[in-house]
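In the numbering used here, the protein residues as written are 867 to 1064.
Idealized CB from N, CA, C, for every residue including glycine.
Bear in mind that the values here come from a model prediction, so they are computed numbers and not experimental data.
So the structure is just underneath, and the comments pick up after that.
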Amino acid sequence: MTQSTSTQRADRREFVARLIAAVPDALVVTGLGSASYDVFAAGDRDENYYLWGAMGGSTSVGLGLALAQPDKSVVVITGDGEQLMGIGSLGSIAAKQPKNLTIVVLDNGHFGETGMQRSHSSLGTDLVAVAKGFGIADAFSVNSADACEEIAQGIRARQQTTFVQVFIEANEPPRALPPRDGPYIKNRFRAALGLRPF
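Structure follows, in structure tokens:
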């Protein structure tokens, strides 16, 4: 896919809703905060694994899940601040190269959960260049929900690790809060995979 250079920004809720609708069989791991709200607003599913308070952990969880479930498409949907907190996980992902893992970073250039301070991605950090530097060759940016179908095709194909930076508007849509009960989310997710609770 062609790298985005326009100043256009996608609507976060529209983008997430369209992407998830296009990959109904995917396992989805969310970063904390707004990414969780966006995924939940798109429709709660047993195959959604919402992270609460584990800032920086979403891509590591996604990596483990992708390795454990190689026949499933795994999509991590997170924000720029959360991804920056767990930036080292991209090195582990690049080392393992799970073909079924796609990382989608919703980038508004701000730390939305702590007061909308500017994040590193609006201060010069190029997340696509960082991902490529770690060794994720299929890394690119988009700025419109019109890119969702092409991204979804890659998710369904499960042919390579992919990193997508989505430039989104710096707004705060109404919060749609997913369940906060960690054991419930975990056991529901395990059941969706045919695994027993523990």
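Between the alpha carbons of Q949 and G922 lies a gap of roughly 6 Å. Assignment of A883 by DSSP, reduced to helix, strand and coil, places it in the helix class. The three-state secondary structure of S939, taken from DSSP, is coil. Straight across, the Cα-Cα distance linking S924 with Q874 is about 27 Å. Counting only residues of its own chain and dropping the five nearest sequence neighbours on each side, N1053 has a CB closer than 6 Å to the CB of P1063. Excluding residues up to 5 positions away in sequence, S955 lie with their Cβ nearer than 6 Å to the Cβ of S926 in the same chain. Rounded to the nearest whole angstrom, the CA to CA distance from F1033 to L917 is 22 Å. A1005 sits away from L885, with the two beta carbons spaced by 9 Å or more. Rounded to whole angstroms, the gap between the alpha carbons of P1040 and M951 is 24 Å.
Contact between the stretch 929–943 and the stretch 885–895 is established, with three or more Cβ pairs separated by less than 8 Å.
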